[in-house]
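Numbering (our numbering), first residue to last: 43 to 424.
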């Protein structure tokens, strides 16, 4: 499947987009891709939401010569879980990103140079609200599904809360409604790795070059949390790399750190990680119970048994609370040695779970049944 990267831009005179921190952009650009076609009723759209270091290139190839397809390609296409013969699949780079959507590396028209560290504070809800602007531009009247893993899962769940009448179902994968203290602690190490690099220059580094050592170390710390002890033992054990004299696992981390520096931006990393740390879907509403009662979508949370960032028990507990409040939630779990990254790797498990859920959602809606009636059949099996 050959795809094309697209861009949607607007000025404040056309759309006044203001962050929750109170900043109104003079100009905003959104990078996005689409797969499949929007139907006549404009209600067959699926929104795919990427994780921290992801982008809009979720599926397909830009040219036949590309070495690899988009990051979720096995999930998207004809006959796949997100079937492009039935659905109009959309993926956009998040607000604050560095892969085509307005972020710290973008030009600030007010000063004629990139925002850098002057970029406004953003949160997950700001990302979701900008995605809604994009969907309005594309003519989407209703989302069949919002789906994503990790930071993408935060966005998916936020969609169900912020736009409860717009989205029929959400699938947050390997995520929770707010980060655990342990996840925040790991993120803090990445933040300090960048800020302690002298080349960061208090965020004003763009004309000098990346704080490469700090960003590389932040990525290495993150990579450890994305994997599992079992995976490292299987793949590396205590083997030595004969070319470097390092343990193979050390060489692996060095490679990931170096490659990340070539494709990502340090300030972007800081803004997105802080948005994750601060996110809590209940913040605007006072309590989780009050927030949960806003959700009208059918919710499927998918956990990973070896995930050290988002624990399955936390996800199960959220679904219990949703169901107790009269919501419509299910929980499924992937068994994998891949750790948190399983949602990017174990498509043989993920695809059938998502496909079955999506087909079930359509069946319930087509039958005229109410989600809450259907929910009684599995409420006690979580």
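No residue lacks a Cβ here, since even glycine has one placed at the ideal position from N, Cα and C.
Measure the C-alpha to C-alpha separation of residue i and residue j and round it to an integer number of angstroms.
i           : j           : result
residue 203 : residue 111 : 32 Å
residue 167 : residue 251 : 31 Å
residue 298 : residue 289 : 15 Å
residue 225 : residue 193 : 12 Å
residue 177 : residue 282 : 50 Å
residue 293 : residue 284 : 10 Å
residue 357 : residue 107 : 41 Å
residue 51  : residue 69  : 7 Å
residue 332 : residue 324 : 8 Å
residue 97  : residue 286 : 32 Å
residue 376 : residue 346 : 5 Å
residue 200 : residue 280 : 42 Å
residue 295 : residue 190 : 25 Å
residue 278 : residue 353 : 25 Å
residue 24  : residue 162 : Here the chain has residues from 43 to 424 only, and residue 24 is not among them.
residue 105 : residue 47  : 11 Å
residue 367 : residue 330 : 10 Å
residue 230 : residue 223 : 10 Å
residue 318 : residue 221 : 7 Å
residue 78  : residue 99  : 14 Å
Under 6 Å from any heavy atom of the ligand NAP, does the C-beta of residue i make it?
i           : result
residue 169 : Of the ligands one can find in the structure shown there are none, so the ligand NAP has no counterpart to examine.
Enumerate in chain order the residues of its own chain whose CB-to-CB distance from residue i is below 8 Å, with the five nearest sequence positions on each side excluded.
i           : result
residue 379 : 270, 272, 273, 276 and 348
residue 303 : 252, 254, 257, 258 and 261
residue 242 : 236, 253, 256 and 308
residue 360 : 218, 219, 343 and 371
residue 314 : 94, 136, 138, 139 and 193
residue 206 : 336, 337, 338 and 339
residue 49  : 71, 72, 73, 74 and 142
Report the partner residues of residue i according to the DSSP bridge assignment.
i           : result
residue 130 : 87
residue 71  : 51
residue 124 : 118
residue 372 : 342
residue 191 : 215
residue 389 : DSSP, once it has assigned bridges, lists no residue as partnering residue 389.
residue 282 : 289
residue 322 : 220
residue 150 : 155
residue 209 : 185
residue 77  : 131
residue 44  : 103
Residues in the same chain with beta-carbon distance under 6 Å from residue i, minus the five sequence neighbours each way, listed in chain order, please.
i           : result
residue 255 : 239
residue 76  : 132
residue 123 : 117, 393, 396 and 397
residue 180 : none
residue 327 : 333
Considering only residues of the same chain and omitting the five flanking positions on each side of residue i, which have a CB-CB separation below 7 Å?
i           : result
residue 143 : 71, 72, 73, 134, 135, 136 and 137
residue 195 : 214, 215, 216 and 217
residue 208 : 184 and 185
residue 320 : 165
residue 67  : 54, 59 and 144
residue 174 : 205
Which whole-angstrom value is the C-beta distance of residue i and residue j, which I expect to be below 8 Å?
i           : j           : result
residue 159 : residue 232 : No, residue 159 and residue 232 are not in contact; Cβ-Cβ is about 17 Å, not under 8 Å.
residue 140 : residue 265 : Contact doesn't hold; Cβ gap of about 19 Å is too wide.
residue 156 : residue 248 : 5 Å
Counting contacts by CB-CB distance shorter than 7 Å, is residue i in contact with chain C?
i          : result
residue 56 : Absent from the structure: chain C. Only one protein chain is present.
> Quick check: the region 116 to 126 against the region 389 to 409, are there 3 or more CB pairs under 8 Å?
Replying inline: Touching, per the Cβ criterion.
> For the 8 Å Cβ check, are there 3 or more pairs between the region 73 to 90 and the region 184 to 198?
Replying inline: Touching, per the Cβ criterion.
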